[in-house]
Amino acid sequence: MSLEDISSRPVAEHTSAEAAAALTRAFEGYLVPIKMSPQVFERRFRGEDLDPFASRVYSRDGLPVGVLLVARRGWTSRIAAMGIAPELRGQGMGRRIMRDAIDDARSRGDRAVLLEVIEQNTPALRLYESLGFRTQRRLVGYRRDAGAAAPETADILTDLDPLDFARLAVREGEPDLPWMLAPETLSATTSPARAYHLEHRAYALIGDPAAEPLALTALVVPQEHRRQGWGTRLVRALTAAFPDRMWSFTVVIPEDMATGFFEKLGWERHKLSQFEMRLEIE
Numbered sequence: 162m163s164l165e166d167i168s169s170r171p172v173a174e175h176t177s178a179e180a181a182a183a184l185t186r187a188f189e190g191y192l193v194p195i196k197m198s199p200q201v202f203e204r205r206f207r208g209e210d211l212d213p214f215a216s217r218v219y220s221r222d223g224l225p226v227g228v229l230l231v232a233r234r235g236w237t238s239r240i241a242a243m244g245i246a247p248e249l250r251g252q253g254m255g256r257r258i259m260r261d262a263i264d265d266a267r268s269r270g271d272r273a274v275l276l277e278v279i280e281q282n283t284p285a286l287r288l289y290e291s292l293g294f295r296t297q298r299r300l301v302g303y304r305r306d307a308g309a310a311a312p313e314t315a316d317i318l319t320d321l322d323p324l325d326f327a328r329l330a331v332r333e334g335e336p337d338l339p340w341m342l343a344p345e346t347l348s349a350t351t352s353p354a355r356a357y358h359l360e361h362r363a364y365a366l367i368g369d370p371a372a373e374p375l376a377l378t379a380l381v382v383p384q385e386h387r388r389q390g391w392g393t394r395l396v397r398a399l400t401a402a403f404p405d406r407m408w409s410f411t412v413v414i415p416e417d418m419a420t421g422f423f424e425k426l427g428w429e430r431h432k433l434s435q436f437e438m439r440l441e442i443e
């Protein structure tokens, strides 16, 4: 199939429903398929600082065949998502989209472009490397099965405003976190997500409690309370508060962060991992 008759328009010229449908189509049959509603699209990508004018929907004969979502902060752009409809994969469409993204970033005066790619997605990894992206670090995630026994604990969680969690993450979180764990991303979190603290010594942010699996989004233990068991107590209190639930901490954690922490609590590492990659723009 020819790519010459494929056109693109900014996401800003589409409704949220159209953008969500295009994204779902572009990730059909992917290693991690995406099925996205307009509400989830707005909630997620608003927090990532999506630029709807830098982002594009690619179409042919009026039907979406590709999506490029670009998030921006300062002099840095991030490819928040890049997907292609199944019938166009392996025909150079991905290279065309990425060159559009890089050229646009250069014309804006951006200094760097970031992205994350599933490590096991060899074709995508090779494409990004051929365009000059270099791996910065591996990102991992963890999961806990629904059948695991809830731990016994006397600790009681206290509700916290998610915005206060983000403010705490600015003061007490680790520097240079991946985009999805950065306080700038967390600050956009709203209901139905929830935040909790344990005696103001450990803090957690989770996704929608009704979702399956239940997402553990971020953890923060202030410097003065670290290495005293508060993180362990917090995770145990969370799993006890939501018994018989599957938990997942998505694949956004730097591999060398909290090494062994989740395994000691009975969580398993996700089978898939990601590379965080960066392209310096000259």
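Going letter by letter, the sequence shown gives residues 162 to 443 in my numbering. Glycine included, each C-beta is placed from N, C-alpha and C at the ideal position. Fair warning: this is a prediction, and the values are worked out from it, not measured in the lab.
Within the same chain, L192, L433 and Q435 come within 6 Å of I279 by CB-CB distance, once the 5 residues on both sides are set aside. Scanning the region 292-343 for uninterrupted alpha helix (DSSP H) segments of 4 residues or longer gives 323-333, listed from N- to C-terminal end.
Along the region 167-224, the alpha helix (DSSP H) occurs as fully enclosed runs of 4 or more residues at 177-187 and 199-208, listed in sequence order. For D405, the CB contacts under 7 Å within the same chain, skipping 5 residues up- and downstream, are A307 in chain order.
By a beta-carbon distance limit of 8 Å, R397 does not contact P383. Their separation comes to about 19 Å. Under DSSP, S434 forms no beta bridge with any residue.
Between the region 208-228 and the region 250-265, the count of Cβ pairs shorter than 8 Å is three or higher; the stretches touch. Counting along the chain, S409 sits inside the beta strand (DSSP E) bounded by residues W408 to P415. Three or more Cβ pairs closer than 8 Å define a contact, and the region 403-419 meets that threshold against the region 297-314. In the DSSP assignment, V274 falls within the beta strand (DSSP E) that extends over A273 to I279. In the displayed model, G227 falls within a strand according to three-state DSSP. Selection A327, L395, E429 and R287 evaluated against I317 yields L395 as nearest (Cα-Cα).
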